[in-house]
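These protein sequence lines map, in sequence, to chains A and B.
The opening position of the first sequence corresponds to residue 3 in the working numbering, with each subsequent residue numbered one higher.
The opening position of the second sequence corresponds to residue 46 in the working numbering, with each subsequent residue numbered one higher.
Presented below is the structure to which this report refers.
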Amino acid sequence: MVDTLFSGLIHGSVYAIAAVGMSLIFGVTNVANFAQGSIVAVGMMIAWWLGTALGWGIVPTLAVVIIVTAALGFVMNFFVISPLEGRKPIAALLATIGVGQVLDNSLQLIFGTQTRQFPELLPTHNLQLGGLRFGTSDIVSIIVTVFLMFALWSFLKFGKTGQAIRATSQDPEAARQMGIPVRSIRNISFVIGAVLAGIAGVFVGLSNGNINPTNGGSIGMTAFVAATIGGLGSIPGAVVGGLVLGVVEALGVSWLGDGAHDFITFGALLLILIIRPQGLLFNSSSAVRSEPMTGTFLENSRSIELPRWVNWLLAGLAILLPFVANNALAGAGTQVAIYSIAAVGLTLISGSAGQTILGMAGPFATGAYTSAILVTQFGWSFWAGLLMGGLVAAITASILTFPVWKLSGHYVAIATIGVGAVTVAIIRLWEPVTHGSLGIQGIPVPQIFGAALDTQQKLLLLDVIILLIALWAVSRIHKSHLGHVFAAVGADQDAAEALGIRSNAYKALAYAIAAFFAGLAGALLAHQYTYIDPTIFNSAMSTLILTIIVLGGMNSPLGAVIGSALLIGLPEVLRFASTWRGIVYGILLIIIILFRPQGLWSRSVAQAKIGKNDDKATENIQEDAQTVAEEVEA
Amino acid sequence: MSLINAHIRTSKIWKTAGKLVVATAAAVAIFTTSACSFGLGGDNTQSSSASDTVNIAAIYPETGQYAEYGKLFKRGWELALDEVNADGGVQGKKLGIKYYDTQSDAKQDAAVAPKIVSDNSVIAVVGDYSSSASAAASPTFNQAKLVHYGFNNSATNFTDTGEYVWTPQITQATYQKLNADTVAKTAKKISVVYIENDWGKEAYNEFKEEAQKQGIDIAYESSYLADSTDLSPILIKARDAQPDAIVNIGYGPDGALVLNTLRNKLAWDGSFFGGQETSEFLNNAGKNAEGTIITGSFSATGVKTDEQKKFVEAFNKKYGYDPGNFEVTAYQAIKDLAYGANKTSATREGIQKALQTVTDFPLYQGNGGTFKFNQKTRRADNIEPILLIVKDGKFVRYDE
């Protein structure tokens, strides 16, 4: 018991050091940096190379890691993040996902694919307490964490640059008017954040021992959870959050076994967010106050609308596609269609109602499992299974997410990561029903009037028809009174509340609709693959589904199709790039988002720059007038 | 009022025209890109009879988190391919391998499978690394009557998808029986940790069944997730149960993590059964690996037949190290399919017929010799698992 507690503290101190950088970047730049974990991996791999190939000691190794990650932080901000300033922060989030892709794949290309041992830059097992050995490395790691915490705190509190950083994070416009060079301050923040990640990489390597160039993703995720538990933007909070997470995981895993690891990690995240919505160490002066992921006054975008006959024409062409497509196109087409269905509902909750959702793998998996179980074990028909898949996904997602809506801003987005992960963890643990990790085998292909859909073309036809229904339904909702309420909630929650709109109830409803379609998509996928297990529904799937609508255009149902076609189609088209495929994919993602931050299938309506865009503004007014006129006519 | 309406109407016409341009452009773009990259129209690509090369499609993780295994597979395939073609190919035709990187991701397997099916030069498919990725592609291959040879997919129900789905993998029932019997010889009370996925779960169920038959007391058991970085919480409990031995069922990297945590962090020096027959395991566990016993299917230093020795020598010459389990199964997959095709015909039907009728496929694993398929389960019938022990940083055969 004492051993367990102590090992939890040691592991928690590693979470803490990774979380500090994460929290800082989040707090001062208002960017949810999904590449932070990858930068940790960069530091880790460089230290591995210096330590093993060149036999360097800890001090010169740390120095080089600091220089390289500092340069990386600068380059990343200069070329990718700062051009997106003033755009919706979700664009920057997507760009960081692209950067993470590039970094992860580059590390693998440079350093090779195998798991290896991190060099003993410091002794790792030379001390003992009870039945547990630890090392100088652990002590140094804790000292470095505490030192960094105080250094950062005093820098932000008393240093001139530090104060400028805080001013910039609170209100960039006001800071600029006070003569603060906002651009260089942003650069400095990113450089500091990246350096912290690099230093963390060295200690993560020392502590984990087993390292792999692709570790960045999971390190980033745990750092994110730790930083959130502590209170985003709070540096001491990140340290406390890391330690708490380490101990909770150790005790929970000791009690339930490591098979429940995800359940414990993300369950703890949800629990803490519900009990203390702003994290453990939230205090109004240090934590993030603006809500980066829901930023409302920065910019707005509208879906590009097509005339009705063009929509009919496109629908006709889509229906025609399965009849002319060869196997390869039809096969890729089924995946594009299924992921479009999964993403299209997000245009309501994330697009209109302005709430980023990062856990769509949860309802997707629920739909897949519901239909698979009902059809294989209870002999239901495909159609009944499909429909139930959607319904059960919507209902369970609503129940699990119910306590989350009282949170605000990006805490909701992070909580949805937790809900998604917990859903899949429950599926893995609930063996009597779901077969756990063994998965469900032999799910029959869809049957329609007794005929099995056993070719790619037939499956594509089914997927396209359901996609068209989904597009039609979601577009109708967008245009309905309900859709306008969603938009009102997204545009200005306070104003909406003042009008008597219970914004949280409407967000929950929008999310339930999105979950319904994700459930349908999951059921379709299960019946196409004929085999499912929990590893299919990972966090990469959640990220992909969100990325689809960000790329396509947050408000645009048709954008979901375009985003899906690009994100699923690109890896197939890029096969010529061989091992460079992942890197090229990441770079293209970044380029697209730099050129069209509002998404491919929507146009930006910059409210702050209305003077410059008079034409567009007039157009909007005309459009509204037109709608009113039409309503009057009818 | 009418003025405003007229104005709205004119602007509407212009807007419609503008939107039409956008829409047409988008539609044209979507259709040309898809047409360019996938090709519209039927599937009458080049006919195989006209060409002098037949191909085996390999679906495998060239990039992504499983890329290390993809690299090992590819070495085995390339060596086998060289040898097959040096021996005159298959039925007088040159054999080729068409590589498809899937990252062992189910979605990419599902997307790429139809493309493979419509390539008439492909006579069989090998791969993927994980069962979930393989299983997402199997129905497509089976429906097209193209043999899916899942040489790395040991899950019991892997071949249930249909009559064209085969695997030469020894079932876990066979493996784990030997494993448990071996453990039972030296230990009466054990702790077990195993990897939480379809393979680990099934392997542990088989192990547990046999261990209980042998009267072993399993004092502690826990699974662990493949990406967990700190296994101390479960290993402290495994240690504190005071077992005679600790058994690990998993892969190389996690096996090394379990072992290193036990030896370095928890100061436990009892006997250990586990790890994986890969250089990755040996490199990561280092000195801690010494004396570890595992149930495997291949040992480069313990090979018996001439064919096996020739393979180890050729592999070592080409790559500079002794092949492990992944390299040999990949190598054997290509050799077996080529052997079968030479006995029947170098076509899709020929491969299927070969797997159904040929009874002497060359075997490089285990004790060498030949093997055949059980026509009911479509799995290899008579491959014997062998015991391995780590001595001086190398796996050698463990024969008591």
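Yeah, the Cβ is synthetic: ideal placement off N, Cα and C, and Gly gets one too.
Being a predicted model, the structure only gives us computed values, none of them experimental.
Item, Value
"For the beta strand (DSSP E) that contains A/Val137, what are its first and last residues?", "Contrary to the premise, residue 137 of chain A reads as Gly rather than Val in this sequence. Segment: none, A/Gly137 is in no beta strand (DSSP E) and carries neither H nor E."
"Give the residues from the segment 113-129 of chain B that approach chain A closer than 7 Å (Cβ to any Cβ), ordered along the chain.", "Glu113, Lys116"
"Closest to B/Ala180 by C-alpha separation, out of B/Ile104, B/Val435, B/Asn387, B/Ile339, would be which residue?", "B/Ile104"
"Closer than 8 Å, Cβ to Cβ, to anything on chain A: give me those residues from the segment 308-342 of chain B, in chain order.", "Asn309, Lys310, Leu311, Ala312, Glu325, Asn328, Asn329, Gly331"
"Can you name the start and end residues of the alpha helix (DSSP H) that B/Ala102 belongs to?", "Note, B/Ala102: premise wrong, no alpha helix (DSSP H); beta strand (DSSP E) at 98-105."
"By the criterion of Cβ-Cβ separation under 9 Å, what are the contact partners of A/Ser400 in chain B?", "Within chain B, no residue comes near A/Ser400; the closest Cβ sits about 27 Å away, beyond 9 Å."
"If B/Pro106 and B/Ser149 are in contact, beta carbons under 8 Å, what's the gap, nearest whole angstrom?", "4 Å"
"For a test of the three-state rule: what should DSSP assign to A/Ser604, helix, strand or coil?", "strand"
"Nearest chain B C-beta to A/Glu574 closer than 7 Å, yes or no?", "yes"
"Note down, in chain order, every chain A residue with its Cβ under 8 Å from the Cβ of B/Val162.", "Asn329"
"Relative to chain B, which residues along the segment 410-441 of chain A have a C-beta separation below 8 Å, given in chain order?", "Arg430, Gly438, Ser439, Leu440, Gly441"
"Against chain A, with Cβ distances strictly below 7 Å, would B/Glu352 count as a contact?", "no"
"Could one say the Cβ of A/Tyr587 lies closer than 7 Å to chain B's Cβ atoms, at least one of them?", "no"
"When the distance is taken between beta carbons, is A/Gln449 closer than 7 Å to A/Phe384?", "yes"
"What residues in its chain sit with their C-beta under 8 Å from that of B/Asn100, if we drop five residues either side in the sequence?", "Leu140, Gly141, Ile142, Lys143, Asp164, Ser166, Val167, Ile168"
"Specify whether the segment 365-380 of chain A and the segment 521-534 of chain A touch according to this definition: at least 3 beta carbon pairs, one from each stretch, less than 8 Å apart.", "yes"
"Looking at C-alpha atoms only, which residue of A/Val552, A/Ser580, A/Pro559, A/Trp582 is the closest neighbour of A/Leu569?", "A/Val552"
"Note down the Cα distance separating A/Val61 from A/Ser191, rounded to an integer number of angstroms.", "24 Å"
"In the segment 540-561 of chain A, which residues sit with their C-beta less than 7 Å from some C-beta in chain B, listed in chain order?", "none"
"So with CB distances below 7 Å, who are the chain B contacts of A/Ala531?", "Looking at the sequence provided, one finds Tyr at residue 531 of chain A rather than Ala. Residues of chain B passing the Cβ test: Ala151, Ala155, Ala180, Ala181."
"For A/Gln165, which three-state DSSP category applies?", "helix"
"DSSP on A/Phe539, reduced to helix/strand/coil?", "coil"
"Should B/Trp269 be flagged as near chain A, meaning a C-beta pair shorter than 7 Å?", "The displayed chain sequence assigns Tyr, not Trp, to residue 269 of chain B. It does: the Cβ of B/Tyr269 has a partner Cβ on chain A nearer than 7 Å."
"Taking C-beta pairs closer than 8 Å, name the residues in chain B that A/Ala93 reaches, listed in chain order.", "Within chain B, no residue comes near A/Ala93; the closest Cβ sits about 21 Å away, beyond 8 Å."
"Specify whether the segment 255-270 of chain B and the segment 256-267 of chain A touch according to this definition: at least 3 beta carbon pairs, one from each stretch, less than 8 Å apart.", "yes"
"Can you tell me where the alpha helix (DSSP H) holding B/Lys230 begins and where it ends?", "217-231"
"Using three-state DSSP, classify A/Gln609 as helix, strand or coil.", "At A/Gln609 the pLDDT is 46, less than 50, meaning the model places this residue with poor confidence and gives no usable figure here."
"Report the rounded CA-to-CA distance for B/Arg442 versus B/Gly365, giving the unit in angstroms.", "21 Å"
"Interface residues of chain B around A/Thr6 at Cβ under 7 Å?", "Pro278, Ile281"
"Distance check for A/Leu348 and A/Leu322, CA to CA, integer angstroms please.", "27 Å"
"Can you name the start and end residues of the alpha helix (DSSP H) that B/Asn250 belongs to?", "243-258"
"One question on the structure: do A/Ile19 and A/Ala228 come within less than 7 Å of each other, judged by their Cβ atoms?", "no"
"Under a CB-based cut-off of 7 Å, is B/Lys230 close to chain A?", "no"
"By the 8 Å beta-carbon criterion, what residues does the segment 448-464 of chain A contribute toward chain B?", "Asp456, Thr457, Gln458"
"Can you give the Cα-Cα distance for A/Leu300 and B/Lys190, rounded to whole angstroms?", "Here the model assigns A/Leu300 a pLDDT of 42, short of 50, so the residue's position is not dependable, and the following value carries that caveat. So the alpha carbons of these two residues sit roughly 56 Å apart."
"Name the DSSP beta bridge partners of B/Arg442, please?", "B/Leu433"
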